[in-house]
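K.L.:
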Amino acid sequence: MTDTGSQHVIVRRVRAGLGVLRDDLCTLRVDPLPPSVWLRWLPHGVVCLAALGILLGGLPQLQDNGHLGFGAAFTIAVAQGGATVLALWRPVPGWWLSLAGTVAGALLLRAELGPGVEGRFSWPWTVAGIIAHLFVLLLLALRVPTRVSAEALALTGLVTWLVQEVWGASAHQSSSVLAVCLSAIVVVLGMALRGRREARAELGRQTTLTAEERARRTLLEERSRIARELHDVVAHHMSVISIQAQVAPHLVKDPPEELKENLAGIRQNALEALGELRRVLGVLRAEHPDRPDDPDAPDGGALHAPQPTLDRIDALVENTRAAGLTVNVQVKGERRPLPPGVELSAYRIVQEALSNVLRHAPGATVTVGLVHHRSGLDVKVVNSRPKRRVPPSPGAGHGLLGMRERAMMLGGSLAAGPRSGGGYEVVAYIPVPTPADVPDGDGTVRTPDPASEPAVGPTTRPPTDPKDDTA
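The sequence shown lines up with residues -7 to 463 when you count with my numbering.
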């Protein structure tokens, strides 16, 4: 029983190996070269010229030295040259055609070998046959898996040994060792080139994925930073709601119990919302979410600092001037109270734009423009060419992304790009809700008259958004 079981195991393994060989080498699948301009035309031209040389060189060799008739010699030469061309698109069939042409030629030449050609003719591989088969094996190794190339090389050596040693011939110069050695070198070279190409392709894919992941992470980090800043704005409104709900019952003489209960519920919900906001802020601000109150956090000193508004633009400009820039501020339109989110976003856009100028355009002249009108706020920061050499910047590339996120979050838009005359500009539009946008008592919504809007300067025409992130 043991011997029978071992025999069955050996038979299964042999069948499995033959099945692998059948799938690898008994196929007509197309394996084209990689899509590239020079890879598409240069190798094709070289291989076609080589095939023509094999045909023209192998035909007289088979006729004159091998004493074959024109028909047989022409058929073998065409098979060997055609195999080289066929391997460009179907390498495995091309390899079979080359091997079959070589074996057929060896069998036909065997009958012609004799004392008269001793030492003057190579057998079983002719010179043209060796060159053709080397081209075929190289093209095969460049496109198919390593296992298939090794199988083709092994079968080439096996067929050569069978023809040379088992079938045999007399009065010839053996070319078996040379053909097999050169074939092994070509296959190893093709495997190495194919492996290098695959490694480069994989590196390109990984680089693309890394760049996409970095861009996604940058976007999430910037959105997290914006959310941290907006927490104070939301918390302020919730605090006002809580205080108004607490004070409202004292403003009414003998308020009903239902009113007191509703206002108490409103105040309780506001307080609970404030607590949840603090927890969310702790998670966003802390480096370790399980320690939201860690005093060693990088921004721990600024946890409770008030968020800036447009009233602090003058201080920001003075700090920028102290850093060596010439900054001019132009404010147009009637200044009116703006929602805290609009104030914060406008201030941060100006701040980031000035930081980019300091980083990328040292010594430049900067103009900061703010245009107030009924429907929104225009922000424009323009700088001239740098006056000295720009040092390399280690920035993370969050600048334009963060500014654009702030504008889009409020329903606005932002564009940035080089100016035609030199320099750079950042243009943003942030819409501002007006009383006309609030529903009347009857539920209708009043739309402002466009004719009543003040004239707005060129800041309402943002430039085309470029891919560049330099200021």
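C-beta atoms are modelled at their ideal positions from N, C-alpha and C, and glycine is treated no differently. Here the structure is a predicted model, which is why all the values come from computation and not from measurement.
Does Trp306 come out as helix, strand or coil in the three-state DSSP assignment?
P.N.:
Sequence inspection shows Asp at residue 306; the Trp mentioned does not correspond to that position. It is helical.
K.L.:
Just confirm the distance between the C-beta atoms of Ile46 and Ala124, as a whole number of angstroms; I'd bet it's less than 8 Å.
P.N.:
5 Å
K.L.:
At the level of alpha carbons, what is the spacing between Thr359 and Glu310?
P.N.:
Each residue's alpha carbon lies about 13 Å from the other.
K.L.:
What is the DSSP secondary structure of Val158, reduced to helix, strand or coil?
P.N.:
The answer is helix: DSSP assigns Val158 an H, G or I state.
K.L.:
How would you label Asp306, buried or exposed, when you count the other beta carbons within 10 angstroms and need 16 or more for buried?
P.N.:
exposed
K.L.:
I'd like to know whether the C-beta atoms of Ile422 and Gly404 end up nearer to each other than 7 Å.
P.N.:
In this structure, Ile422 places its C-beta atom within 7 Å of the C-beta atom of Gly404.
K.L.:
What are the uninterrupted segments assigned as alpha helix (DSSP H) that are 4 or more residues long and contained completely in the region 185 to 246, given in chain order?
P.N.:
none
K.L.:
I need the straight-line Cα distance from Pro85 to Arg139, nearest angstrom please.
P.N.:
Between Pro85 and Arg139, the C-alpha separation is close to 16 Å.
K.L.:
Please find out if some non-hydrogen atom of the ligand FMN comes closer than 6 Å to the beta-carbon of Leu308.
P.N.:
Among the components modelled here there is no ligand, and therefore nothing to report on the ligand FMN.
K.L.:
For Asn320, report the span of its beta strand (DSSP E) as first-last.
P.N.:
Note, Asn320: beta strand (DSSP E), 318 to 324.
K.L.:
Going by C-alpha to C-alpha distance, which of Val418, Arg209, Leu174, Leu263 sits closest to Asp370?
P.N.:
Val418
K.L.:
Closest to Glu253 by CA distance: which of Lys245, Glu264, Leu263, Pro241 is it?
P.N.:
Pro241
K.L.:
Could you tell me the alpha carbon to alpha carbon distance between Arg206 and Pro300, rounded to whole angstroms?
P.N.:
One Cα belongs to Arg206, the other to Pro300, and the distance between them is close to 29 Å.
K.L.:
When DSSP labels each residue in this structure, what does Ala356 get in the three-state scheme?
P.N.:
coil
K.L.:
Consider the Cβ of Gln53: report whether some Cβ of chain C lies at a distance smaller than 7 Å.
P.N.:
Absent here is chain C; the protein component of the structure consists of one chain.
K.L.:
For the alpha helix (DSSP H) that Ser83 lies in, which residues bound it at each end?
P.N.:
It is Pro, not Ser, that sits at residue 83 in the sequence shown. Here the alpha helix (DSSP H) through Pro83 covers 83 to 102.
K.L.:
Would you mind sorting Pro440 into buried or exposed? The rule is 16 or more other CB atoms within 10 Å of its CB.
P.N.:
The predicted position of Pro440 is uncertain, since its pLDDT is 41 and thus under 50; a value taken from the coordinates is nonetheless stated next. Pro440 should be labelled exposed.
K.L.:
Taking the alpha carbon of Ser337 as the point to measure from, which residue in Gly325, Ala399, Val319 has its own alpha carbon closest?
P.N.:
Ala399
K.L.:
His125 by DSSP, collapsed to three states: which one?
P.N.:
helix
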